[in-house]
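In structure tokens:
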């Protein structure tokens, strides 16, 4: 198979080429974020993005890949959507730098988090710089012939950044409450997680120059995938290992952080268990033993079953929207479908 | 005098109208930053911007006024530059929210700072939201007929946001050092303060649709005004009162924060004094007595004279650039000149 003079043996080769292009552009931007005097800014951004050493974890880059694949799904080359992929990756990463500060998470992608290495104050600067870099990336990378896409692109991106901030405000407010409803929680992750997945899929469509009806479908695909992704992340956060998450075991449970399994166990478990769990969640910080008690109580409730069902429903909806996006599914549609399948298989 | 059907008795009336327009747009954006669920985001932004109560201090809005007046100086109505004024005001304010967290400043514009009221974590969300709002504001407020100005506008704004981050990285790094040179310091305030003044003046030119040569002059005017402004702020930071600064007396001296007066006293004072001052600056935190000692040592050096001379030189350069901006100085050029004069008179 030949694309623009290059031979691709397989879908994997194409995905590798896409991610190499992404690395290149993120590397360039990281290089330019700090001036010669303020090299620390570049160092922090490179460290966080995993660009300091070959083989450093760079995260799954799901959002960036959704943007690129969405563009290809609509029949355009991913090169037209590099700006979109880089931008959503930066949005995701500025929020991670701030999240780690806010949650006191010392590990990110198996490395020390930015605040852990350079302190909270410099980490705030790194987060703010990554956020400023979002607009910079679009300006620098959008092909000049597509200048008419600047406005819709930055409108979607700034809206998704605001959604992230709103979601994070709620997430922190929920820490102080024990009466959070499942609906409130779903609205929160809609803002904190799904909005950026939605934005990524839509931006791929903007890069491909498709109309509003197609953007709408792409957006819904992204949104449902995002909700499912977060619910599965919640499941792993309670029952997963550090190898899976790159974070300490049960880190979601500490600080009274609300996740879907916890909320379901608070609502649907045995009365005695609910009382114990509620009282545990008002602690400022869990001991290891308390963490195990909380895990056991959540495990005894119907939380896991309900969470898996929720995730499965959103994945089914994502798949439906995906196949509505284009009349003729191409390799990219199949790659996006594989994302859905991979998440589904983690539910079995 | 009649402008678009409204009668302006004086320059003050025009400035008042400008600032009322600014209030209106900032108020709208603050309203929209938080969704109904995340009303806290709106509350924090409104509090910080002084929009919660009539009469709440909203800051001097120097940068926003520079953008508006620069547009008028080039012969266009300020209404064409509202987007620019709102954007630079938001850039300034996101950095203030983060600065207050980083410096543990409990007071801002005579009110409790955002982190003091809502905690560091929520303050980070407020700062991130204000930063995201910069791009949003330009997209929402730029007149559709000026869509070709979107790219240069956002290019300047994102660059000035990155400059702010770089400057803040340096400012914090300088806290850990006693060997900061005056040149390094001037580069730092160039990034942390003057870059946004420069951006504001340039954006006014972009809003007026003038060419690069004019933008260059406007930029230099802004830059020199910004450096002078910061140096004067440093002078007030050492010798001023809380009434003048809205911050606790000597707050710049604590935490080993480097300012121009301190650096000059460290270099040019009597040997014994320099030793004492250097050792004071390595403390984690000053007592009231130590603060007085530091102030006295800086007062005995030639710092105040040198600072005043530096500020005066930059103000003279700003005035020169200002009168090169247009052939025929109008009311806005005179208003900008008055900014220079006001700063000059604070030096006498």
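Residue numbers (our numbering), protein chains in the order written: chain A, 1 to 348; chain B, 1001 to 1348.
Backbone N, C-alpha and C define an ideal beta-carbon position, used for all residues, glycine too.
Fair warning: this is a prediction, and the values are worked out from it, not measured in the lab.
Exercise for the section: Find the residues of chain B that neighbour residue 93/A, judging by a C-beta separation of less than 8 Å, and give them in chain order. Expected result: Chain B residues near residue 93/A: none, gap ~13 Å exceeds 8 Å.
Problem - 7 Å Cβ cut-off: residues of chain A touching residue 1187/B - result: 37
Practice task
Using a cut-off of 9 Å between C-beta atoms, extract the partners of residue 1033/B located in chain A.
Solution key: 162, 165 and 166
Practice task
Taking 8 Å as the cut-off, decide whether the C-beta atoms of residue 1204/B and residue 1320/B are in contact.
Solution key: no
Problem - Continuous alpha helix (DSSP H) stretch holding residue 12/A: start and end - result: 11 to 33
Exercise for the section: Below 8 Å between beta carbons is the criterion; list the residues of the stretch 1052 to 1066 of chain B that meet it against any residue of chain A, in chain order. Expected result: none
Practice task
Give the residues from the stretch 1093 to 1116 of chain B that approach chain A closer than 7 Å (Cβ to any Cβ), ordered along the chain.
Solution key: 1098, 1101 and 1102
Practice task
Identify whether residue 3/A lies in helix, strand or coil by the three-state DSSP scheme.
Solution key: For residue 3/A, the predicted model reports a pLDDT of 49, less than 50, meaning its position is unreliable; a value from the coordinates is still stated below. Three-state result, residue 3/A: strand.
Exercise for the section: Using a Cβ cut-off of 9 Å, pull out every chain B residue sitting near residue 235/A, in sequence order please. Expected result: Here the premise fails: no neighbours, minimum Cβ distance about 24 Å.
Practice task
Give the straight-line distance between the Cα atoms of residue 305/A and residue 1191/B, rounded to the nearest whole angstrom.
Solution key: 54 Å
Exercise for the section: For chain A, find out if any of its Cβ atoms is closer than 8 Å to the Cβ of residue 1169/B; answer yes or no. Expected result: yes
Problem - DSSP beta-bridge partners of residue 107/A - result: Under DSSP, the beta-bridge partners assigned to residue 107/A are 112/A.
Exercise for the section: Tell me, please, whether the stretch 1053 to 1065 of chain B touches the stretch 1157 to 1174 of chain B by the rule of three or more beta-carbon pairs shorter than 8 Å. Expected result: no
Problem - Touch test, the stretch 1097 to 1115 of chain B against the stretch 106 to 119 of chain A, Cβ-Cβ under 8 Å, three pairs minimum - result: no
Exercise for the section: Assess, as a yes-or-no matter, whether the stretch 1131 to 1140 of chain B is touched by the stretch 129 to 148 of chain A under the definition of 3 or more beta carbon pairs within less than 8 Å. Expected result: Output reads yes: the stretch 1131 to 1140 of chain B touches the stretch 129 to 148 of chain A.
Handout entry: Straight-line gap, residue 342/A to residue 70/A (C-alpha atoms, nearest Å)
Key = Between residue 342/A and residue 70/A, the C-alpha separation is close to 17 Å.
Practice task
Have a look at residue 1015/B and residue 122/A and give me their C-alpha separation to the nearest angstrom.
Solution key: 38 Å
Practice task
With distances taken Cα to Cα, identify the nearest neighbour of residue 1217/B among 1231/B, 1185/B, 1199/B and 1228/B.
Solution key: 1199/B
Problem - Classification of residue 1345/B by the beta-carbon crowding that lies within 10 angstroms, buried from 16 upward - result: exposed
Handout entry: Boundaries of the alpha helix (DSSP H) in which residue 1047/B is found, first to last residue
Key = Its alpha helix (DSSP H) spans residues 1039 to 1049.
Practice task
List the whole-angstrom C-beta distance separating residue 52/A from residue 92/A, where the pair is believed to meet the contact cut-off of C-beta under 8 Å.
Solution key: Incorrect: roughly 19 Å between the Cβ atoms, too far for contact.
Handout entry: Residue from 1029/B, 1327/B and 1307/B with nearest C-alpha to residue 1136/B
Key = 1029/B
Practice task
Indicate the three-state DSSP secondary structure (helix, strand or coil) for residue 220/A in the structure shown.
Solution key: helix
Practice task
Return the Cβ separation of residue 182/A and residue 264/A in integer angstroms, given the expectation that the two are a contact with Cβ distance under 8 Å.
Solution key: 7 Å
Exercise for the section: Put residue 332/A into one of helix, strand or coil per three-state DSSP. Expected result: helix
Problem - Test: residue 3/A CB closer than 8 Å to a CB of chain B - result: Note that residue 3/A has pLDDT 49, beneath the 50 cutoff, so the model's placement of it is unreliable and the number below is only indicative. With 8 Å as the cut-off, residue 3/A does not count as an interface residue toward chain B.
Exercise for the section: Can you give me the Cβ contacts of residue 307/A inside the same chain, cut-off strictly under 6 Å, excluding the 5 residues immediately before and after it? Expected result: 231, 235, 260 and 261
Problem - residue 1259/B (DSSP reduced to helix, strand or coil) - result: coil
Problem - Collapsed DSSP secondary structure at residue 1178/B in the structure displayed - result: coil
Practice task
Return no unless some Cβ of chain A is closer than 8 Å to the Cβ of residue 1019/B.
Solution key: no
Practice task
Look at the alpha carbon of residue 1312/B and the alpha carbon of residue 1039/B, and state the distance between them as a whole number of angstroms.
Solution key: Roughly 45 Å separates the two Cα atoms.
Exercise for the section: Just the chain A side, please: which residues come within less than 9 Å of residue 1155/B by C-beta, in chain order? Expected result: 135, 136, 139 and 140
Handout entry: Residue closest to residue 153/A, alpha-carbon to alpha-carbon, out of 298/A, 88/A, 325/A and 36/A
Key = The shortest C-alpha separation from residue 153/A is found at 88/A.
Practice task
Note down, in chain order, each residue of its chain lying with its Cβ closer than 7 Å to the Cβ of residue 2/A, except the 5 sequence neighbours on either side.
Solution key: At residue 2/A, the pLDDT of 46 sits below 50, so the modelled position is not reliable; the number obtained from the coordinates is stated separately. There are no such residues.
Problem - Test item: CB-CB of residue 126/A and residue 97/A under 8 Å - result: yes
Exercise for the section: Using a Cβ-Cβ cut-off of 8 Å, state whether residue 132/A counts as contacting chain C. Expected result: This model lacks chain C altogether; the protein chains it does include are A and B.
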